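This report refers to the structure that appears directly beneath it.
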DNA sequence: TCTATATATAGTAATAATTCCTATTACTAT
DNA sequence: ATAGTAATAGGAATTATTACTATATATAGA
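Protein chains in written order, with this note's numbering: chain Y, 1395 to 1515; chain L, 1395 to 1515.
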């Protein structure tokens, strides 16, 4: 894949945030460094970065977000503030259980736990 | 809530299928019984049925689907045929673990397991 | 049964997120 | 430097969903 200034900018933006940004947020941030970047370029490069394994696409309800955290992990979604918090729960036993019980070869486990985070007690 | 012929039709359609239909699929099926139903009516009533607890909204990646199965359950998503299969895995220990470890009050656990189903071995 | 009123509907327009298209520009190897 | 390849900007097209509005319908009360 050929080098591209735009893609490097997008990558840096995604990797330097702790929130789980949407394409639109990434577009707006990237515009601050590369003012004439286009939204199409952002979408195309996010897709390519995902293909390269540099970032992950996560689905927060019907909102698409991007995540630089490549380790398998789950999310806690707070329904009060909307925060999406990275957590490490299980995994290994899920793979085995599902394979035995349903003859289903597991590639990926996506788990989102919806509730209320500690800030609202 | 006032009775509506259209809402009853939509409810019946959703409850009589084992697939996890999209709004568009539901619209097309409902048209067979109520030919001049409009798509807006389908969306409005799906939302109200969800509010009433008659159906659930599930997010299959960025595709929105509806599900009459109100029991808490998880999904296996086959990346070959796209099938979404209902399964019952765990739950109870997740709630406790998450509450203790992250001080996060769990309302709902959404788990989708991506892989290959038994039809493609 | 009839009427009044609130709610639902069909049909259309508007919005939002994403993808597609095309002319132009940049990079690479010769 | 030039040709060929690949990437970009910008805007149009697409898809899913929501909003709007005039008309139709359900239902409560006379």
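Beta carbons are placed, not taken as given, at the ideal position from N, Cα and C, and that holds for glycine.
Only a predicted model underlies this, so the values are computations on that prediction, with no experimental measurement involved.
| said: Quick check on residue 1397 (chain Y): buried or exposed, where buried means 16 or more other Cβ atoms within 10 Å of its Cβ? | reply: Position 3 of the first chain, counting from 1, holds the residue named residue 1397 (chain Y). Residue 1397 (chain Y) should be labelled exposed.
| Min CB distance residue 1488 (chain Y) to chain L below 8 Å | Looking up residue 1488 (chain Y) in the first chain gives position 94. Put simply, the CB of residue 1488 (chain Y) is near chain L, with a gap under 8 Å to one of its CB atoms.
| query | Under 8 Å Cβ-Cβ, which residues of chain L neighbour residue 1509 (chain Y)? | reply | In the first chain, counting from the first residue as 1, residue 1509 (chain Y) sits at position 115. Within 8 Å Cβ-Cβ: 1492, 1498, 1499, 1500, 1501, 1502.
| query | Nearest chain L C-beta to residue 1456 (chain Y) closer than 8 Å, yes or no? | reply | Position 62 of the first chain, counting from 1, holds the residue named residue 1456 (chain Y). With a threshold of 8 Å between beta carbons, residue 1456 (chain Y) makes contact with chain L.
| request: Pull up the distance between the alpha-carbon of residue 1423 (chain Y) and that of residue 1399 (chain Y), whole angstroms please. | output: Against the first chain, residue 1423 (chain Y) aligns to sequence position 29. Against the first chain, residue 1399 (chain Y) aligns to sequence position 5. When rounded, the distance between both Cα atoms is 15 Å.
| query | When the distance is taken between beta carbons, is residue 1460 (chain L) closer than 8 Å to residue 1408 (chain L)? | reply | Within the second chain, residue 1408 (chain L) is the residue found at index 14, counting from 1. Within the second chain, residue 1460 (chain L) is the residue found at index 66, counting from 1. Their beta carbons are under 8 Å apart, which means residue 1408 (chain L) touches residue 1460 (chain L) by this criterion.
| Taking the Cβ atom as the reference point for each residue, do residue 1434 (chain L) and residue 1499 (chain Y) lie within a distance shorter than 8 Å? | In the second chain, the residue the question calls residue 1434 (chain L) occupies position 40. In the first chain, the residue the question calls residue 1499 (chain Y) occupies position 105. The answer is no: Cβ separation not under 8 Å.
| Can you tell me whether residue 1405 (chain Y) is buried or exposed, with buried defined as 16 or more other CB within 10 angstroms of its CB? | Walking along the first chain from the start, residue 1405 (chain Y) turns up at place 11. By the 10 Å Cβ count, residue 1405 (chain Y) comes out buried.
| alpha helix (DSSP H) segments (min. 4 residues) lying fully within the stretch 1419-1501 of chain L | Counting only runs of 4 or more, we get 1433-1445, 1486-1496.
| In whole angstroms, what separates the C-alpha of residue 1431 (chain L) from that of residue 1446 (chain L)? | Counting from one through the second chain, the residue named residue 1431 (chain L) turns up at place 37. Counting from one through the second chain, the residue named residue 1446 (chain L) turns up at place 52. Between the C-alpha atoms of residue 1431 (chain L) and residue 1446 (chain L) there is a straight-line separation of about 21 Å.
| said: To the nearest angstrom, how far is the alpha carbon of residue 1480 (chain Y) from that of residue 1467 (chain Y)? | reply: Position 86 of the first chain, counted from the first residue, corresponds to residue 1480 (chain Y). Position 73 of the first chain, counted from the first residue, corresponds to residue 1467 (chain Y). A direct Cα-Cα distance of roughly 7 Å separates residue 1480 (chain Y) from residue 1467 (chain Y).
| request: Keeping to the same chain, check which residues put their C-beta closer than 8 Å to that of residue 1457 (chain Y); ignore five residues upstream and five downstream. | output: For the purposes of this step, residue 1457 (chain Y) is taken as the residue at position 63 of the first chain. Hits under 8 Å: 1416.
| field | Whole-Å CB distance - residue 1420 (chain Y) paired with residue 1436 (chain Y), under 8 Å assumed | value | In the first chain, residue 1420 (chain Y) corresponds to position 26, counting from 1. In the first chain, residue 1436 (chain Y) corresponds to position 42, counting from 1. About 6 Å; that satisfies the 8 Å criterion.
| request: Out of Y:1413, Y:1451, Y:1414, Y:1427, state which residue places its alpha-carbon closest to the alpha-carbon of residue 1401 (chain Y). | output: For the purposes of this step, residue 1401 (chain Y) is identified with residue 7 of the first chain, where counting begins at 1. Of the listed residues, the one whose Cα sits closest to residue 1401 (chain Y) is Y:1427.
| request: Scan the stretch 1443-1476 of chain Y for residues whose Cβ lies nearer than 8 Å to a Cβ of chain L and list them as they occur along the chain. | output: Residues 1453, 1455, 1456, 1458, 1470, 1472, 1473.
| query | Could you check where the alpha helix (DSSP H) with residue 1396 (chain L) kicks off and where it finishes? | reply | For the purposes of this step, residue 1396 (chain L) is taken as the residue at position 2 of the second chain. Run containing residue 1396 (chain L): none; DSSP gives neither H nor E here.
| task | Assign residue 1495 (chain Y) to buried or exposed, taking buried as 16 or more other Cβ atoms, counted over all protein chains shown, within 10 Å of its Cβ. | result | As a first step, residue 1495 (chain Y) is located in the first chain; it is residue number 101 there, counting from the start. By the beta-carbon neighbour count (other beta carbons within 10 angstroms, threshold 16), residue 1495 (chain Y) is exposed.
| task | Taking the CB atoms as reference points, tell me whether residue 1506 (chain Y) and residue 1471 (chain Y) lie closer together than 8 Å. | result | Taking the first chain and counting its residues from 1, one reaches residue 1506 (chain Y) at position 112. Taking the first chain and counting its residues from 1, one reaches residue 1471 (chain Y) at position 77. Residue 1471 (chain Y) sits close to residue 1506 (chain Y), with the two beta carbons spaced by under 8 Å.
| request: Just mark residue 1475 (chain Y) as buried or exposed, buried being the case when its beta carbon has 16 or more other beta carbons within 10 Å. | output: Here residue 1475 (chain Y) corresponds to residue number 81 of the first chain, with the count starting at 1. Around the C-beta of residue 1475 (chain Y), fewer than 16 other C-beta atoms lie within 10 Å, and the residue is accordingly described as exposed.
| Taking the C-alpha atoms as reference points, what is the distance between residue 1443 (chain Y) and residue 1489 (chain L)? | Position 49 of the first chain, counted from the first residue, corresponds to residue 1443 (chain Y). Position 95 of the second chain, counted from the first residue, corresponds to residue 1489 (chain L). Our two residues, residue 1443 (chain Y) and residue 1489 (chain L), have alpha carbons roughly 34 Å apart in a direct line.
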